[in-house]
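Enquirer: One structure coming up, written as structure tokens, with questions to follow.
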Amino acid sequence: MQTYEKDIVAWANEQARLLRSGRFDQLDIEHIADEIEDVGKSEQRELANRMALLLAHLLKWQYQPERQTASWQRTINEQRKGVEKKLSKSPGLQPVLTDDGWQSEIWADAVAQAASETGLADFPDGCPWSIQTEVLQDGWLPEAAQEHRPAAK
Numbered sequence: 002m003q004t005y006e007k008d009i010v011a012w013a014n015e016q017a018r019l020l021r022s023g024r025f026d027q028l029d030i031e032h033i034a035d036e037i038e039d040v041g042k043s044e045q046r047e048l049a050n051r052m053a054l055l056l057a058h059l060l061k062w063q064y065q066p067e068r069q070t071a072s073w074q075r076t077i078n079e080q081r082k083g084v085e086k087k088l089s090k091s092p093g094l095q096p097v098l099t100d101d102g103w104q105s106e107i108w109a110d111a112v113a114q115a116a117s118e119t120g121l122a123d124f125p126d127g128c129p130w131s132i133q134t135e136v137l138q139d140g141w142l143p144e145a146a147q148e149h150r151p152a153a154k
């Protein structure tokens, strides 16, 4: 029997073979459960990465209107489509969109990325847009911010 720690691919293949042959008493249940949980975490990480990138580009769009490019708009559209696809393939992810803790983490990642790419520092403490009716809405873009300041050096 392959061990989980030595060769996870060989272990996974062996566990699949044992499942298919009905040899349930030989399964490594604890590690199988861990791997199943990790699949969900991986899906959630991908959603989080897409949302952070989308929000960062929306921030750049709003706070640097003079630098708006077709490339930014393409990234916004691609990330929206990616989020939509992820949610349609894994509807169990939908509840995280309304989870305050998850939204705070994603917003912090988006702000850090936007600040790094723009040199600006004065972004809102929380997401000022509705995830469902604005951020994920095809064609929606935030209006230009009234004022923006460069980051303190």
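Counting from 2, one number per residue, gives the positions in the sequence shown under the working numbering. Ideal Cβ positions, reconstructed from N, Cα and C, are used throughout, including at glycine.
#1: Helix, strand or coil for A152, going by three-state DSSP, please let me know.
#2: Looking only at its chain, what residues have a beta carbon closer than 6 Å to the beta carbon of G83, apart from the 5 residues adjacent to it on each side?
#3: Can you tell me whether DSSP reads L94 as helix, strand or coil?
#4: Classify F25: buried if its beta carbon has 16 or more other beta carbons within 10 angstroms, exposed otherwise.
#5: Over what stretch of residues does the alpha helix (DSSP H) that includes V10 continue unbroken?
#6: Got a sec, what are the start and stop residues for the alpha helix (DSSP H) T119 sits in?
#7: Exposed or buried, A115, counting other C-beta atoms within 10 Å across all chains shown (16 or more means buried)?
#8: Note the first and the last residue of the continuous alpha helix (DSSP H) segment covering W62.
#9: With DSSP run on the structure shown, which of helix, strand or coil describes L88?
Expert: According to the structure shown:
#1: The count along the sequence shown starts at 1 and reaches residue 152 at position 151. With a pLDDT of 48 at A152, under the threshold of 50, the predicted position of this residue should be treated as unreliable, and no value is reported.
#2: If you number the sequence shown from 1, residue 83 lands on position 82. The residues are R51.
#3: The residue you call residue 94 lines up with position 93 of the sequence shown. DSSP places L94 in helix when its eight states are reduced to three.
#4: Counted from its first residue, the sequence shown places residue 25 at position 24. It is exposed - the Cβ of F25 has fewer than 16 other Cβ atoms within 10 Å.
#5: Sequence index remark: in the sequence shown, residue 10 carries index 9 (1-based). Counting along the chain, the alpha helix (DSSP H) containing V10 begins and ends at I9 to R21.
#6: The count along the sequence shown starts at 1 and reaches residue 119 at position 118. D101 to T119 is the span of the alpha helix (DSSP H), which, as asked, contains T119.
#7: Start at 1 with the first residue of the sequence shown, and residue 115 comes out as number 114. Buried, by the Cβ-count rule.
#8: For the purposes of this step, residue 62 is taken as residue 61 along the sequence shown, with counting starting at 1. Element bounds for W62: I30 to Y64.
#9: In the sequence shown, the residue the question calls residue 88 occupies position 87. L88 falls in the helix class under three-state DSSP.
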